[in-house]
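Numbering (my numbering), first residue to last: 26 to 308.
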């Protein structure tokens, strides 16, 4: 049985992540697992305050029981000693996680959870991540997907289709323009045509935002975030490249942190390329 995994450290932002995870899990009829990782720094702090492992487990059990009653779905928990860079990925595979939902503390935070470390955590796992800030769950009905001429992999289109079906969502394609490269408009329109054909063949609801002569002086990443804000998007969907940890294939390097920590606090779904068991038309 699949689960949704939530890295959990009892902070307020972790509870926002729990809220997102619980609503998704309820729709999918699967449990949520709270994962509490005790690293070296945390262990030293627990020792100072003479907090035992038994007490940590007791508090996690209390929280799991409380959340089960609140959301009406099963909550489980696990506390383990290790590193966020390896143990989140390991735990997600051990629990057969369908998804990891992770709350952000900002660019710096407890256990060095985010900032430049976020990419390492996300790209260390084959499991999709949803990264949330200080916002409670709202159904993911409008999802922004950046698109440029780096769109080559069939997996990327497959995942966009999959995500739209999973959340019964409309995909909003924000397409990058390029006034310098004279060949780019031809390339991007060819790619866009193929994507639209696949979306139509799979009954995907979608909207395209693209202008050949876009006069915006903003970076593409900033345009994506502003577009997502303007349409009141519920989620931004991006794919990571595990061979280039600092790069999101849909995005222009090195702006991944800008997306994850966008000022509008729009949740971000980051997916590492991998095969999925999902039947669709077009390949």
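Every residue gets a Cβ at the ideal spot worked out from N, C-alpha and C, and that includes glycine.
Given residue i, which residues of its chain have a CB within under 6 Å of its CB, disregarding the five upstream and five downstream residues?
i	result
residue 283	246
residue 58	28, 30, 101 and 120
residue 152	117, 122 and 125
residue 251	none
residue 294	155, 260 and 262
residue 287	250
residue 192	165
residue 270	Bear in mind that a pLDDT of 43 at residue 270, under 50, signals an unreliable position, so the number given afterwards is only what the model happens to contain. Correct list, in chain order: 144 and 148.
residue 212	174
I'd like to know whether the C-beta atoms of residue i and residue j end up nearer to each other than 7 Å.
i	j	result
residue 104	residue 40	no
residue 297	residue 265	yes
residue 110	residue 149	yes
residue 156	residue 127	yes
residue 189	residue 196	yes
residue 106	residue 63	yes
residue 260	residue 187	no
residue 174	residue 210	no
residue 162	residue 44	yes
residue 47	residue 96	yes
residue 98	residue 51	yes
residue 19	residue 167	The chain is shown from 26 up to 308; residue 19 falls before or after that span and cannot be answered.
residue 113	residue 207	no
In chain order, what residues of the same chain lie with their CB nearer than 8 Å to the CB of residue i, ignoring the 5 residues before and after it?
i	result
residue 217	172, 198, 200, 233 and 235
residue 37	159
residue 129	38, 138, 139, 143, 156, 157, 158, 285 and 286
Leaving out five residues before and five after residue i in sequence, what residues of the same chain have Cβ atoms less than 7 Å from its Cβ?
i	result
residue 82	104
residue 290	158, 159 and 160
residue 331	As displayed, the chain neither begins before 26 nor continues past 308, which places residue 331 out of reach and without an answer.
residue 306	226 and 227
residue 55	26, 27, 28, 29 and 123
For residue i, does the count of other Cβ atoms within 10 angstroms reach 16, so buried, or fall short, so exposed?
i	result
residue 273	The pLDDT assigned to residue 273 is 46, lower than 50, so where the model puts this residue is not dependable; a value taken from the coordinates is nonetheless given after this. It counts as buried.
residue 219	exposed
residue 70	exposed
residue 229	buried
residue 281	buried
residue 94	exposed
residue 205	exposed
residue 75	exposed
residue 88	buried
residue 242	exposed
residue 248	buried
At a cut-off of 6 Å, would you count residue i as near the ligand ATP, judging by its Cβ distance to the nearest heavy atom?
i	result
residue 226	Of ligands this structure carries none, so the ligand ATP is not represented either.
Handout entry: Inside the segment 37-75 only - alpha helix (DSSP H) runs reaching at least 4 residues
Key = Qualifying alpha helix (DSSP H) stretches, in chain order: 37-53 and 65-73.
Problem - Within the segment 207-249, ranges of the alpha helix (DSSP H) (whole runs, at least 4 residues) - result: Within the segment 207-249, the complete alpha helix (DSSP H) runs of at least 4 residues are 209-226.
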